[in-house]
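Notes for the one structure printed next.
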Amino acid sequence: MLSIALATPRIALASGTAFMAAQLLDVQIFDRLRFRGGWWTAPLVSSTSGSVVDTALFFSIAFAGTGLPWVTWGVGDFGAKMCVALAMLIPYRALMQATRPQGA
């Protein structure tokens with residue numbers, strides 16, 4: 005809602021579209037992978053996929069055709085998202101162990 009109040013319509017549309025598409029993809033991939041592979045597979049693959057979609061949609065909708073270096077900004081944004089996704093594996097693993105059923 006903050007985007008609608010403070011941003012240009014193009015930025016608001018880019019933000020909402022990218023967020024919705026990326027989150028839906030992220031959840032769907034996580035759900036399909038949560039019992040496959042290692043403990044890190046679902047969160048890392050889903051976060052990576054969602055981040056690619058979020059970054060590509062947002063920066064292309066918001067800045068394509070403006071003459072601004074939006075591709076460079078997008079690469080930097082994606083890199084930051086991946087650093088966060090990797091760092092968040094630590095608390096994710098800790099929560100997985102803390103909430104594991106007794107005897108499992």
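Residue 5 is where the sequence shown starts when you use this note's numbering, and the numbers rise one by one after that.
Glycine included, every Cβ here is placed at the ideal spot set by N, Cα and C.
No experiment lies behind these values; they were computed from the predicted model shown.
The C-beta of T59 has 16 or more other C-beta atoms within 10 Å across all chains shown, which makes the residue buried. Around the Cβ of A22, a 10 Å sphere holds 16 or more other Cβ atoms; the residue is buried. The beta carbon of A89 is closer than 6 Å to those of S51 in its chain, skipping five residues each way along the sequence. DSSP places M100 within a helical segment (H, G or I) once states are collapsed to three. With respect to D30, S53 sits close: the two C-beta atoms are nearer than 8 Å. The Cβ atoms of V49 and L37 sit closer than 8 Å to each other. Rounded to the nearest angstrom, the Cβ distance from L93 to W44 is 6 Å, consistent with a contact under 8 Å. Secondary structure at G20: helix, using DSSP grouped into helix, strand and coil. Per DSSP, reduced to three states, the secondary structure at F39 is coil, with no helix or strand assignment.
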